[in-house]
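Student: The structure under discussion is supplied below as structure tokens; questions concerning it will follow.
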Ligand SMILES: [Zn+2]
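In my numbering, the protein residues as written are 55 to 409.
Below is the structure:
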């Protein structure tokens, strides 16, 4: 098994240091900013991932074509993003920035669309690579993320729906059924809405759901439990969930659904804001890198059973850069099926104190 990795190397163009905010007294944090990828790249380098012979780092080769983009997104919406980029260049207090802040607190600069296009292109490139090559899996280390983007609306730090574009790209190569598993702590409302009437893509998500103490809906407010009708399965998480309980949930609820659907490939919206130390989620969790590692192992085994091991991760959320880096490393380490090189202190702790 070879693990292909891809970065969108110009992701740093989408960056706004003034976007650092405080979330309900939980202190400052790096929200959807360039440090997320910078830090995890450093972590992977320090752990010799790029020297591992089973890792293949793909060159980011191209931007998506208009045809590829319009398989998912409304052409008018794409025009709007391009138009807003020009406005941003031309004005000091751009309406585009205001437009996005009012909607979801999502910043937009003159380079945002360029970075989003490259993230989408890299995601498509990787998915096609795995679809074409037997015995490969992969991880797209891209930003901005995508799973809140609807066909005609940006939201929640997302502008183009990377995983949805990847799903359509592999279908264009002849894979009929695609299974998307989304473990970001937020429901992938954009992805669900894109495929809700489409039997050829199954969307399954675990996420926070319900209301906080003030009665406000937890972001994004969608994702009530479903029983798998219409090829959607939503599994709200209970507060305080830990590694073993999460692994159990995946084993009992997600894996049998994949096996029943018999997809030709499994795509994963990998959001690490489910991590115990992530500041953006609104429910407490105890999930750590160990949980992500073990979940990855289960998905690999299932992919080997149903679709020739074809499994591709796409980075979504994850805003504590240390937790993000360790967790992504744990997943890549597992995907590449190498001997575990090390365990993070948090992983060791978890093994000793099962939650
Ligand atoms: Zn999220």
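Note that the Cβ used here is the ideal one computed from N, Cα and C, for glycine as well.
Please name the residue in 355, 358, 352 and 318 whose C-alpha comes closest to that of residue 225.
Tutor: Of the candidates 355, 358, 352 and 318, the one whose C-alpha sits nearest the C-alpha of residue 225 is 318.
Student: State the Cα-Cα distance for the pair residue 279 and residue 237, rounded to the nearest angstrom.
Tutor: If you take the alpha carbons of residue 279 and residue 237, they lie about 15 Å apart.
Student: Between residue 296 and ligand 1, is the CB less than 7 Å from at least one heavy atom?
Tutor: Incorrect: residue 296 has no Cβ contact closer than 7 Å to ligand 1.
Student: Just the Cα atoms here: how many angstroms apart are residue 64 and residue 89?
Tutor: Rounded to whole angstroms, residue 64 to residue 89 spans 13 Å at the Cα level.
Student: Compute the minimum distance between the beta carbon of residue 255 and the heavy atoms of ligand 2, and state whether it is under 7 Å.
Tutor: Absence of ligand 2 is noted for the structure shown, with ligand 1 being the only ligands found.
Student: Considering only their Cβ atoms, is the gap separating residue 351 from residue 342 smaller than 8 Å?
Tutor: No, the Cβ-Cβ distance between residue 342 and residue 351 is not below 8 Å.
Student: Under a criterion of Cβ closer than 5 Å to any non-hydrogen atom of ligand 1, which residues qualify, in chain order?
Tutor: Checking every Cβ against the heavy atoms of ligand 1 under 5 Å gives 238, 240, 325, 327 and 371.
Student: Do the stretch 110 to 129 and the stretch 174 to 182 meet, that is, are 3 or more Cβ pairs less than 8 Å apart?
Tutor: With the cut-off at 8 Å, the stretch 110 to 129 and the stretch 174 to 182 touch.
Student: Quick one: what does DSSP say residue 79 is sitting in, helix, strand or coil?
Tutor: The predicted position of residue 79 is uncertain, since its pLDDT is 45 and thus under 50; a value taken from the coordinates is nonetheless stated next. Reduced to three states, the DSSP call for residue 79 is coil.
Student: Can you name the start and end residues of the beta strand (DSSP E) that residue 367 belongs to?
Tutor: Element bounds for residue 367: 365 to 369.
Student: Where does residue 162 sit, in a helix, a strand or coil, going by DSSP?
Tutor: Reduced to three states, the DSSP call for residue 162 is coil.
Student: How about residue 304 and residue 366: do their beta carbons lie closer than 8 Å?
Tutor: Not closer than 8 Å, so no.
Student: Applying the criterion that 16 or more other CB atoms from any shown protein chain within 10 Å of the CB defines a buried residue, is residue 104 buried or exposed?
Tutor: By the 10 Å Cβ count, residue 104 comes out exposed.
Student: In or out: residue 266 buried (at least 16 other Cβ within 10 Å) or exposed?
Tutor: Burial call: exposed.
Student: Beta-carbon of residue 247 versus every beta-carbon of chain B: anything under 8 Å?
Tutor: Any reference to chain B falls outside this structure, which holds one protein chain only.
Student: Can you say whether residue 198 is buried or exposed, counting buried as having 16 or more other CB atoms within 10 angstroms of its CB?
Tutor: Residue 198 comes out buried.
Student: Please name the residue or residues paired with residue 212 in a DSSP beta bridge.
Tutor: Answer is 209.
Student: So, using beta-carbon positions, are residue 229 and residue 194 closer together than 8 Å?
Tutor: No, the Cβ-Cβ distance between residue 229 and residue 194 is not below 8 Å.
Student: So is residue 293 buried or exposed if we call it buried at 16+ other beta carbons inside 10 Å?
Tutor: Result: exposed.
Student: Quick one: is residue 345 buried, meaning 16 or more other Cβ sit within 10 Å of its Cβ, or exposed?
Tutor: Result: buried.
Student: Is it a yes or a no for the stretch 200 to 218 touching the stretch 89 to 103, going by three-plus beta-carbon pairs under 8 Å?
Tutor: As far as the Cβ criterion goes, the stretch 200 to 218 does not touch the stretch 89 to 103, which means the pair count is below three.
Student: Using beta-carbon positions only, say whether residue 264 and residue 202 come within less than 8 Å of one another.
Tutor: No; because the gap between Cβ atoms is not below 8 Å, this pair is not in contact.
Student: Roughly how many angstroms lie between the CA atoms of residue 335 and residue 359, to the nearest whole one?
Tutor: Each residue's Cα considered, the two are about 33 Å apart.
Student: Ignore the nearest five residues each way along the sequence and tell me which others in residue 285's own chain have a CB closer than 6 Å to its CB.
Tutor: Only 253 and 256 meet the Cβ criterion.
Student: In chain order, what residues of the same chain have a beta carbon less than 8 Å from the beta carbon of residue 301, not counting five sequence neighbours either side?
Tutor: Closer than 8 Å at the Cβ level, and outside the excluded window around residue 301, lie 345, 348, 349 and 352.
Student: Which of the three DSSP states is assigned to residue 290 in this structure?
Tutor: Three-state DSSP puts residue 290 in a strand.
Student: When the Cα of residue 55 is compared with those of 219, 374, 67 and 355, which residue comes out closest?
Tutor: Among 219, 374, 67 and 355, the Cα nearest to that of residue 55 belongs to 355.
Student: Please state the DSSP three-state secondary structure of residue 296.
Tutor: In this structure, residue 296 counts as strand in the three-state DSSP scheme.
Student: Residue ranges of each beta strand (DSSP E) run of no fewer than 3 residues wholly in the stretch 89 to 122, ordered along the chain?
Tutor: The qualifying runs are 109 to 111.
Student: Alpha carbon to alpha carbon, how far is residue 291 from residue 384? Give it in angstroms, no decimals.
Tutor: Near 22 Å, if we compare the C-alpha coordinates of residue 291 and residue 384.
Student: Please name the residue in 297, 61 and 128 whose C-alpha comes closest to that of residue 180.
Tutor: Out of 297, 61 and 128, 61 has the C-alpha closest to the C-alpha of residue 180.
Student: Reducing DSSP to helix, strand and coil, say where residue 191 ends up.
Tutor: If DSSP states are grouped into helix, strand and coil, residue 191 belongs with the strands.
Student: Is it right to say residue 297 is buried, meaning 16 or more other beta carbons lie within 10 angstroms of its own, or is it exposed?
Tutor: Residue 297 is buried by the Cβ-count criterion.
Student: Can you give me the start and stop residues for the alpha helix (DSSP H) that residue 56 sits inside?
Tutor: Unbroken run through residue 56 is the beta strand (DSSP E), 56 to 61; no alpha helix (DSSP H).
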